[in-house]
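Notes follow once the structure below has been shown.
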Amino acid sequence: TNRSYSRNHQDVGVVFATIVNFNEFYDEMYEGGREYLRVLNELVSDYEVMLSDPRFKDVEKIKTISSSFMAAAGLNEESR
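Residue numbers (full-length UniProt numbering): 1 to 80.
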């Protein structure tokens with residue numbers, strides 16, 4: 001197929017939110033690391049709850065990798 005993996009968009013905003021040095025903060029010795037993962041999961045969940053607010057209807061979560069969260073606004077042409 002000749003489908004492109006990427007497309008160009010104008011007027012798009014992208015945000016990357018990262019907990020700096022999370023790997024240094026994470027400690028397997030403390031409860032097997034479960035408490036750190038619980039806190040990380042809680043933070044990501046808070047972002048997702050915030051994005052469910054109607055004020056942020058045009059912002060969509062793209063990806064979460066480790067301690068980084070990526071979201072973008074302006075990708076959905078129908079909501080412009």
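Glycine residues also receive a C-beta, built at the ideal position from the N, C-alpha and C atoms. Please read all numbers here as calculations on a predicted model, not as lab measurements.
Less than 7 angstroms between the C-beta atoms of Phe69 and Tyr47, yes or no? yes
Range of the contiguous alpha helix (DSSP H) that encloses Phe22: Phe22 to Phe25
Val59 burial status per 10 Å Cβ neighbour count (16 or more: buried): buried
My parser needs the alpha helix (DSSP H) runs of 4 or more residues fully inside the UniProt domain "Guanylate cyclase" (13-80); what are they? 22-25 and 34-51
Leu51 and Lys61 look like a contact to me (Cβ under 8 angstroms); what is the Cβ gap, rounded to whole Å? 6 angstroms
Sequence-distant residues of the same chain with beta carbon closer than 7 angstroms to Phe16, five excluded per side: Ser68 and Met70
Beta-carbon proximity check, Thr64 vs Val49, cutoff 7 angstroms: Annotated as distal: Thr64 and Val49, with beta-carbon spacing of 7 angstroms or more.
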